[in-house]
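Comments concern the structure below.
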Amino acid sequence: MIPIATDTDPDDTSDGGSETAAERTPETAVDGPSRRRLIVPATSFAIGAVVVTVFFAIGAWQRRWIADDGLIVLRTVRNLLAGNGPVFNAGERVEANTSTVWTYLNWFWAWVTGAEHTEYVALWLALILSVSAVPLAMYGTARLYGRRALGPGITLLAPLGAVVYIVIPPARDFATSGLENGLTLFWIAILWCQFLAWGRRDPADRSVRSRAAFLILAFTAGLAPLIRPEMAVFGGLVLLAMFVTRIGWRMRLAMVVVAGALPVGYQIFRMGYYAVLVPNPAIAKDASGAKWDQGFAYLTNLFTPYTLLLPVIVAIVAGLLLAILSLTNRPAASTAETADGYGGVLEREKPSPARRVTGAWGWIVDRLQSQGGVVTVVVVSGLILGLYWLRQGGDFMHGRVLLSPIFVLLLPVMVIPVGIPTTLATKSSRYRLGAGLLLLGGVITTVWWGAAVNQTVLPNAGMDIGRDGIVDERRFYVTNMGNENPITAEDYLDYPRMRAMVETIKETEAEGGGVILPSANYDEWYVSPLPKKMPPGIPRQTTVFFLNLGMTSMNAPLDVRVIDQMGLAYPLAAHTPRLTDGRIGHDKHLPSEWVVAESGGISGFPGFIDKDEVKMARAALTCPMTQARFASYKDTWSFARFRHNLRQAEEFNKYRIAREPKYELLRCGIPMPAGVTVR
0 MIPIATDTDP
10 DDTSDGGSET
20 AAERTPETAV
30 DGPSRRRLIV
40 PATSFAIGAV
50 VVTVFFAIGA
60 WQRRWIADDG
70 LIVLRTVRNL
80 LAGNGPVFNA
90 GERVEANTST
100 VWTYLNWFWA
110 WVTGAEHTEY
120 VALWLALILS
130 VSAVPLAMYG
140 TARLYGRRAL
150 GPGITLLAPL
160 GAVVYIVIPP
170 ARDFATSGLE
180 NGLTLFWIAI
190 LWCQFLAWGR
200 RDPADRSVRS
210 RAAFLILAFT
220 AGLAPLIRPE
230 MAVFGGLVLL
240 AMFVTRIGWR
250 MRLAMVVVAG
260 ALPVGYQIFR
270 MGYYAVLVPN
280 PAIAKDASGA
290 KWDQGFAYLT
300 NLFTPYTLLL
310 PVIVAIVAGL
320 LLAILSLTNR
330 PAASTAETAD
340 GYGGVLEREK
350 PSPARRVTGA
360 WGWIVDRLQS
370 QGGVVTVVVV
380 SGLILGLYWL
390 RQGGDFMHGR
400 VLLSPIFVLL
410 LPVMVIPVGI
420 PTTLATKSSR
430 YRLGAGLLLL
440 GGVITTVWWG
450 AAVNQTVLPN
460 AGMDIGRDGI
470 VDERRFYVTN
480 MGNENPITAE
490 DYLDYPRMRA
500 MVETIKETEA
510 EGGGVILPSA
520 NYDEWYVSPL
530 PKKMPPGIPR
540 QTTVFFLNLG
550 MTSMNAPLDV
560 RVIDQMGLAY
570 PLAAHTPRLT
580 DGRIGHDKHL
590 PSEWVVAESG
600 GISGFPGFID
610 KDEVKMARAA
620 LTCPMTQARF
630 ASYKDTWSFA
640 RFRHNLRQAE
650 EFNKYRIARE
660 PKYELLRCGI
670 PMPAGVTVR
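Numbering (numbering that gives the first Met the number 0), first residue to last: 0 to 678.
Quick look at the structure:
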């Protein structure tokens, strides 16, 4: 049953979001007439939630898969299970995963279940969290509009935003995928429910239960940067709203401690262990510089194929209509409010500017802890998240990074109250009927739209990466491997080069190790063999250098080092500048000569490797700051190393080298090696 605040008169038709702090009283038992009026909205909500959840689960299961980027997470999980620590390559402290919670969640369940294939752990975790997030978010929104169900007439709680979300094909693609999308949605839904409950609570309530709920909300919001770094926007705004309300300094202090203990503690660990401020992919994908044009191209790439603008307009109109109904049904200001200066009727003297500012701030603070205040914070958070990704230029995966902002923005209309009055005798009842019919029309339009577009596929999705660099990631791999549901690392052996890579690793290991580089031939890899005597400080280790980091690393033994040109798991590449016109999400590229030089290769180079470039790269690697960065994640971890990393983390985070070895020599003031021809 939908929880209803029953301090309302049975004939009250006001919206749940219209209440203020002065109007809230503790919830009590629902009386007989109110209970009967709840049957229709509760039943309609239950039916809608079940239908939407079932359809989403079926759609997500039909599209089940693990992305190449999802396999990257599982390489770290393998190392954790093997006792190598939270690293991508044994012996190198590099945080290759963006979501900290997602990494350890997969590790925990893989450890508990003892699963032979960790891919299935990631698949089921993502599926369960994704599917659970939708009805949970709907439940929170039902609480938002619950009081409207007590009004006269019939009120249906119909799904709207939930339908919009599950219809978008990328939402079903990334309901599994092995990435943290499902975890992010689940966290958003939990935070939404808790934040709404806080908005309904009487600010004067100082009970143990109320304080505990407040601190639990603070803890959930504080997890934001560990869920995804950009989710700090949502969690931060929630915490800010809580902090400025009238809670007393003792509770403020407790809130800061509870919200900050885990993220701050982990940040200290990250700085001391990995020697940077953010996960390595955040450095590789560098947030510096705006790419608005690419961002709007990414937005268009999502909106155009599915005519997504239609349901968005319907959702906006529905939200505005419900807000207007809430405002028109709001009770008049009380005498107490007027006497305090908000109404101005009893004011005999014009208030001073300072008093006006104080009064306005007090008015804002008092209304933050209301359902209207909660909705405002959520909508602002969603808009900021969307704008952040537009500025970043979006992503290379079709729709993926916009799913969370869309989900956040749809929260206030996940379900909407459609009211049908019992009489048309009054003007307000006729208005209510008109509004109800408009809302019902919006729901019907959205369902019709969903039926029309839910199976839409992008043109050339499986074969082509367009000039904008955006690709339907799942369809691309499905087409190129001939497998509708690629899940395990073994499934990815059907991707070009992978079987040849496995064979090349075995051969190279038997011959003493080397640097394995991709060739233009899908069935062949180049190998730069390691010398019999390795240079000082460089371990003898086979290295695979390839862009598709997930499938390579999960099909390689843990003692084989796997790194990439872009720098997701390779700090040297991550610390290069972005390519101005590079493909979004892939706009860093480290030449192969650096890897050969850094790994110890000295002879037997493939034809495309320039020997002079290798010599220059080897000399450039002696730059003191570069050597310090290597030491920060390669040296044995000790308390002294932890302390040193902690002090230098900010400097390392900002450190950049020149992409071309000859320019790096100039940048660092290193002489050109003898006998080198500079081109």
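Here a beta-carbon is modelled for each residue, glycine too, at the ideal position from N, C-alpha and C.
Item                                                                                                                                                                        : Value
Measuring alpha carbon to alpha carbon, tell me which residue in Ser-176, Tyr-103, Leu-128 is nearest Thr-487.                                                              : Ser-176
Closer than 8 Å is the cut-off here; do at least three beta carbon pairs connect the segment 481–496 with the segment 546–559?                                              : yes
Distance cutoff 9 Å, beta carbons only. Does Ser-206 sit that close to anything in chain B?                                                                                 : Absence of chain B from the displayed structure is noted, only one protein chain being present.
Does the segment 65–78 come within contact of the segment 134–146, defined as at least 3 CB pairs closer than 8 Å?                                                          : no
Could you tell me the distance, in whole angstroms, from the CA atom of Ile-669 to the CA atom of Lys-614?                                                                  : 13 Å
Look at the Cβ atom of Tyr-144, then the Cβ atom of Leu-135, and state whether they are nearer than 9 Å.                                                                    : no
List the endpoints of the continuous beta strand (DSSP E) containing Arg-560.                                                                                               : 560–562
Verify whether the separation of the beta carbon atoms of Asn-484 and Pro-495 is less than 9 Å.                                                                             : no
Would you identify the three-state DSSP class for Thr-337, choosing helix, strand or coil?                                                                                  : Confidence in Thr-337 is poor, its pLDDT being 38 and thus under 50, which makes the residue's placement unreliable; the coordinate value appears in the next sentence. Reduced to three states, the DSSP call for Thr-337 is helix.
Which residues in the same chain as Leu-214 place their Cβ atom closer than 7 Å to its Cβ, once the five residues preceding and following it in sequence are excluded?      : Ala-253, Met-254, Val-257
Have a look at Pro-538 and Arg-251 and give me their C-alpha separation to the nearest angstrom.                                                                            : 51 Å
Looking at Gln-370 and Leu-195, is the spacing between their C-beta atoms short of 9 Å?                                                                                     : yes
Touch check for the segment 259–273 and the segment 76–94: three-plus C-beta pairs under 8 Å?                                                                               : yes
Quick one, which of Tyr-476, Phe-173, Ser-43 has its alpha-carbon nearest Trp-60's?                                                                                         : Phe-173
Excluding the 5 residues flanking Gly-294 on each side, which residues of the same chain have their C-beta closer than 7 Å to its C-beta?                                   : Trp-388, Leu-389, Arg-390, Gln-391, Gly-392, Gly-393
Among Leu-423, Leu-178, Leu-326, which residue has its Cα nearest to the Cα of Leu-402?                                                                                     : Leu-178
Here's the rule: buried if 16 or more other CB atoms are within 10 angstroms of the residue's CB, otherwise exposed. What is Asn-78?                                        : buried
Please name the residue in Ile-656, Arg-655, Tyr-632, Ala-657 whose C-alpha comes closest to that of Leu-645.                                                               : Tyr-632
Which of the three DSSP states is assigned to Gly-581 in this structure?                                                                                                    : coil
With a threshold of 8 Å, are at least 3 pairs of Cβ atoms found where one atom belongs to the segment 401–419 and the other to the segment 367–385?                         : yes
Would you give the residue range spanned by the beta strand (DSSP E) that Ser-527 belongs to?                                                                               : 524–528
With burial defined as no fewer than 16 other Cβ atoms inside 10 Å of the residue's Cβ, what is the status of Pro-736: buried or exposed?                                   : Not covered by the structure: residue 736. The range shown for the chain is 0 to 678.
Looking at the secondary structure, which residues open and close the beta strand (DSSP E) in which Asp-573 lies?                                                           : It should be pointed out that residue 573 corresponds to Ala in this sequence rather than to Asp. Segment 570–573 is the alpha helix (DSSP H) holding Ala-573; no beta strand (DSSP E) there.
Which of the three DSSP states is assigned to Leu-190 in this structure?                                                                                                    : helix
Within the same chain, show all residues whose beta-carbon is closer than 6 Å to that of Arg-678, passing over the 5 residues directly before and after it, in chain order. : none
Looking at the unbroken beta strand (DSSP E) that takes in Leu-156, where does it start and where does it end?                                                              : 153–158
Can you look up Thr-99 in the DSSP assignment and give me helix, strand or coil?                                                                                            : helix
Keeping to the same chain, check which residues put their C-beta closer than 7 Å to that of Ala-335; ignore five residues upstream and five downstream.                     : With a pLDDT of 38 at Ala-335, under the threshold of 50, the modelled position of that residue is not reliable, and no figure is offered here.
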